[in-house]
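Written out below as structure tokens is the structure these notes cover.
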Amino acid sequence: MCGIVAYVGHQEAYPLIIKGLKRLEYRGYDSSGVALLNGEGLKVYKKKGKVADLENELKAQELHATIGIGHTRWATHGEPNDRNAHPHYSQNKKLAIIHNGIIENYAVIKQALAKKGHQFNSDTDTEVLVHFIEDLQESVGCGLEEAVRLALQEVVGAYAIVVMDANDPTQLIAARKSSPLVIGIGENEYFFASDATPIIEYTKEVVYLDDNQVAVVKNGALKIVNLANENQIPYVQTLEMELETIEKGGYEHFMLKEIFEQPRSIADSMRGRIQADEGELQLGGLRPYMDKLADAKRILIVGCGTSWHAGLVAEYIFEELARIPVEVEYASEFRYRNPIIKEKDFVIAISQSGETADTLAAIQLAKSKGATIFGVCNVVGSSIARETHAGSYTHAGPEIGVASTKAFTAQVTVLTLMAVSLAKRRGTISEELYRQLLIEIAHIPRKIEQVLKAADRVKEIAAIFTYARNFIYLGRGINFPVALEGALKLKEISYIHAEGYPAAEMKHGPIALIDEDMPVVFIATKDSSYEKIVSNIQEVKARKGRVIAIVTEGDSFIPSLVDFVIEIPKTHEILTPLLATIPLQLLSYYIAVMRGRNVDQPRNLAKSVTVE
Ligand code: G6P
Numbered sequence: 000m001c002g003i004v005a006y007v008g009h010q011e012a013y014p015l016i017i018k019g020l021k022r023l024e025y026r027g028y029d030s031s032g033v034a035l036l037n038g039e040g041l042k043v044y045k046k047k048g049k050v051a052d053l054e055n056e057l058k059a060q061e062l063h064a065t066i067g068i069g070h071t072r073w074a075t076h077g078e079p080n081d082r083n084a085h086p087h088y089s090q091n092k093k094l095a096i097i098h099n100g101i102i103e104n105y106a107v108i109k110q111a112l113a114k115k116g117h118q119f120n121s122d123t124d125t126e127v128l129v130h131f132i133e134d135l136q137e138s139v140g141c142g143l144e145e146a147v148r149l150a151l152q153e154v155v156g157a158y159a160i161v162v163m164d165a166n167d168p169t170q171l172i173a174a175r176k177s178s179p180l181v182i183g184i185g186e187n188e189y190f191f192a193s194d195a196t197p198i199i200e201y202t203k204e205v206v207y208l209d210d211n212q213v214a215v216v217k218n219g220a221l222k223i224v225n226l227a228n229e230n231q232i233p234y235v236q237t238l239e240m241e242l243e244t245i246e247k248g249g250y251e252h253f254m255l256k257e258i259f260e261q262p263r264s265i266a267d268s269m270r271g272r273i274q275a276d277e278g279e280l281q282l283g284g285l286r287p288y289m290d291k292l293a294d295a296k297r298i299l300i301v302g303c304g305t306s307w308h309a310g311l312v313a314e315y316i317f318e319e320l321a322r323i324p325v326e327v328e329y330a331s332e333f334r335y336r337n338p339i340i341k342e343k344d345f346v347i348a349i350s351q352s353g354e355t356a357d358t359l360a361a362i363q364l365a366k367s368k369g370a371t372i373f374g375v376c377n378v379v380g381s382s383i384a385r386e387t388h389a390g391s392y393t394h395a396g397p398e399i400g401v402a403s404t405k406a407f408t409a410q411v412t413v414l415t416l417m418a419v420s421l422a423k424r425r426g427t428i429s430e431e432l433y434r435q436l437l438i439e440i441a442h443i444p445r446k447i448e449q450v451l452k453a454a455d456r457v458k459e460i461a462a463i464f465t466y467a468r469n470f471i472y473l474g475r476g477i478n479f480p481v482a483l484e485g486a487l488k489l490k491e492i493s494y495i496h497a498e499g500y501p502a503a504e505m506k507h508g509p510i511a512l513i514d515e516d517m518p519v520v521f522i523a524t525k526d527s528s529y530e531k532i533v534s535n536i537q538e539v540k541a542r543k544g545r546v547i548a549i550v551t552e553g554d555s556f557i558p559s560l561v562d563f564v565i566e567i568p569k570t571h572e573i574l575t576p577l578l579a580t581i582p583l584q585l586l587s588y589y590i591a592v593m594r595g596r597n598v599d600q601p602r603n604l605a606k607s608v609t610v611e
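Take a look at the structure:
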């Protein structure tokens, strides 16, 4: 949601900012804009639509500047149009601002400013903030830096902002609370961005701004203070990310690239953690907290979207192997329902981006009640990674496609490793099963390679169902969350209505929808629910539903019942989701492509949901 890019240094700012905004497109947005400062003053250019639309509109202009700010906006206050796009000017047009987040008390501030004669050109909370900053500069008689701090002391809400001053071509002021902001440090140049993707091309030295910190770049120097103006020592980190990981690498879409990356991304999730031959399994982040986890009375898992689905898979595995009760909650529900949390609860927060506002708030709530919070995040240095007591990164690498694919399988991998390690520690599985599981886990990347070979077959099936209006996905046990995830993928990128259901629950409602036009996807692998799922398939076939079944290779019975079959290799039951998810990702992908959808940036969705 909303992307920020800003630059001050010696390079041409405009092309650098446009390129950076394109790198942030994956976050989801509906308009974009830039502000540049040169000898002709401070100028703002903005446009509804894609960054390319803005670029097109400006292509005839000579836009030279060595300082500038840019933004992609995902509408919250006011519809997506040119007026509401960022940057926004202050009343006297001396300042320009870009903002990611929500200023909750903007209406009160706006009213007070309106009384003083301020006129607003947009419906946004952001414009109010920059007017407020300028008003404080004038009424208090202070510099911009102090005015920014004073304004932020009054603001309720979430923000990452960058402010630019027409009177100082060397200065950018940025601040953060609950919305991410990274500062890249180059040779006499500084970059600001919502994440590191626009920066890594230029420098790997970065500082992740903390909440309530203000960063000031002026005359080539960076300083960081808190809102009380106390100096903060910047913690400079070296990024490990490589440029090619955020480029398409010959694939038509990031989503396809990320689906095909899974043998490697899963291997990366396990790297250094498992040595199957020696029977060794260690998650460095978990080690100091293993006693707490082993003693936990209950494990609570929180997350949103696909991460919540990974939590549901983990619930099954933790309960099955480690025999500790698990509850999985949508972070957005958990945080608002006065949940019962005890000190002996162990909370696992799952998030790809590490920035999801509801998950972050759920963590803060659980923490305030004394629980131990363990993060399973993909983005290194993200807010959730920093807010949790400990954690294990999923190491899937940057995920750019809005619909999560490799991040999901990486989450399931790490959660599986946690559960197996816990079960061993608690003595709830035999040494033999423990060894067998490690070996099976280590084989998963190779088995995924095998599943990916069926891509053309999945494409043929996708062509048959491209114009379906609805889909039902059914699974039992550990494959029920796989059904949910399959349906979510299809919904997100093809805009076909799809429902995931536990297969037996079908009789309590969805069966009414089944006729010859209804495609039903079954995850029907050879596991403990096999006989039951066969009955469910027969119930659907008896009503003329068209069945696509994900089956275990060598199964000769289900293929005789259904319309289409996709085989996956045999593995241990608890590892089935890692394999069964792959064809479902491919099915959604091909259907969406055939329907002409924008697969990597589906409408209305954001990769990182930083508002509640
Ligand atoms: C958004 C994304 C989903 C993601 C969810 C949770 O809705 O589009 O792909 O699953 O947020 O995000 P997180 O980063 O916390 O996993």
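0 is the number of the first residue of the sequence shown in numbering that gives the first Met the number 0; add one for each residue after it. All residues carry an ideal CB built from backbone N, CA and C; glycine is no exception. All figures in this text were calculated on a predicted structure; none of them were measured in a lab.
Looking at residue i and ligand 1, is the gap between the Cβ and the nearest heavy atom below 7 Å?
{"i": "Gln351", "result": "yes"}
{"i": "Gly474", "result": "no"}
{"i": "Cys1", "result": "no"}
{"i": "Thr305", "result": "yes"}
{"i": "Thr355", "result": "yes"}
{"i": "Val401", "result": "yes"}
{"i": "Thr358", "result": "yes"}
{"i": "Gly485", "result": "no"}
{"i": "Ser607", "result": "yes"}
{"i": "Gly310", "result": "no"}
{"i": "Gly302", "result": "yes"}
{"i": "Leu604", "result": "yes"}
With a threshold of 16 other CB atoms inside 10 Å of the CB of residue i, please say whether the residue is buried or exposed.
{"i": "Pro324", "result": "exposed"}
{"i": "His98", "result": "buried"}
{"i": "Glu625", "result": "Nothing about residue 625 can be read from this structure; the chain reaches only from 0 to 611."}
{"i": "Glu243", "result": "exposed"}
{"i": "Val519", "result": "buried"}
{"i": "Glu257", "result": "buried"}
{"i": "Asn377", "result": "buried"}
{"i": "Asp294", "result": "exposed"}
{"i": "Val107", "result": "exposed"}
{"i": "Gln118", "result": "exposed"}
{"i": "Asn83", "result": "buried"}
{"i": "His87", "result": "buried"}
{"i": "Lys506", "result": "exposed"}
{"i": "Asn120", "result": "exposed"}
{"i": "Ala486", "result": "buried"}
{"i": "Met380", "result": "As written in the sequence, residue 380 is Gly, which differs from the Met given in the question. So Gly380 counts as buried."}
{"i": "Tyr466", "result": "exposed"}
{"i": "Gly544", "result": "buried"}
{"i": "Asn535", "result": "buried"}
Between which two residues does the beta strand (DSSP E) holding residue i run?
{"i": "His70", "result": "Ile66 to Arg72"}
{"i": "Ala348", "result": "Asp344 to Ser350"}
{"i": "Pro262", "result": "Note, Pro262: premise wrong, no beta strand (DSSP E); alpha helix (DSSP H) at Gln261 to Met269."}
{"i": "Asn37", "result": "Ser30 to Asn37"}
{"i": "Leu618", "result": "No answer is possible for residue 618: the residues shown for the chain start at 0 and end at 611."}
{"i": "Lys42", "result": "Gly40 to Lys47"}
I need the boundaries of the alpha helix (DSSP H) containing residue i, first residue and last residue.
{"i": "Met417", "result": "Lys405 to Arg425"}
{"i": "Phe317", "result": "Segment: none, Phe317 is in no alpha helix (DSSP H) and carries neither H nor E."}
{"i": "Ala214", "result": "Run containing Ala214: none in the alpha helix (DSSP H); it sits in the beta strand (DSSP E), Gln212 to Lys217."}
{"i": "Ala579", "result": "Thr575 to Met593"}
{"i": "Tyr529", "result": "Tyr529 to Ala541"}
{"i": "Met289", "result": "Met289 to Asp294"}
{"i": "Ala461", "result": "Ala454 to Phe464"}
{"i": "Val205", "result": "Counting along the chain, Val205 falls outside any alpha helix (DSSP H), though it belongs to the beta strand (DSSP E) covering Glu204 to Tyr207."}
{"i": "Tyr13", "result": "Ala12 to Arg22"}
Three or more C-beta pairs below 8 Å linking the stretch 434-453 and the stretch 469-479: Taking one beta carbon from each stretch, the stretch 434-453 and the stretch 469-479 have fewer than 3 pairs nearer than 8 Å; the two do not touch.
task = Would you check if the stretch 4-15 and the stretch 62-77 touch, i.e. whether three or more CB-CB distances between them fall below 8 Å?
result = The stretch 4-15 and the stretch 62-77 touch, with three or more beta-carbon pairs separated by less than 8 Å.
Exercise. Should the stretch 311-323 be regarded as contacting the stretch 392-400, the criterion being three or more beta carbon pairs within less than 8 Å?
Worked result: Contact fails between the stretch 311-323 and the stretch 392-400, because fewer than three Cβ pairs, one in each stretch, are under 8 Å apart.
Review point. Should the stretch 421-429 be regarded as contacting the stretch 543-562, the criterion being three or more beta carbon pairs within less than 8 Å?
Key: At 8 Å Cβ cutoff, the stretches do not touch.
- prompt: Can we say the stretch 299-318 touches the stretch 409-420, given the rule of at least three CB pairs closer than 8 Å?
  reply: A contact is defined here as three or more CB-CB pairs under 8 Å, and the stretch 299-318 meets this definition with respect to the stretch 409-420.
So does the stretch 130-150 actually touch the stretch 350-363, counting three or more Cβ pairs closer than 8 Å?
-> Between the stretch 130-150 and the stretch 350-363, the count of Cβ pairs shorter than 8 Å is below three; the stretches do not touch.
### Message
Any contact between the stretch 264-271 and the stretch 366-381? By contact I mean 3 or more CB pairs, one from each, below 8 Å.
### Response
Cβ pair count under 8 Å is below three, so no.
Do the stretch 193-211 and the stretch 234-252 meet, that is, are 3 or more Cβ pairs less than 8 Å apart? Put simply, the stretch 193-211 touches the stretch 234-252. At least three CB pairs are less than 8 Å apart.
| Inter-stretch contact at 8 Å, needing at least 3 Cβ pairs: the stretch 176-183 / the stretch 206-217 | At 8 Å Cβ cutoff, the stretches touch.
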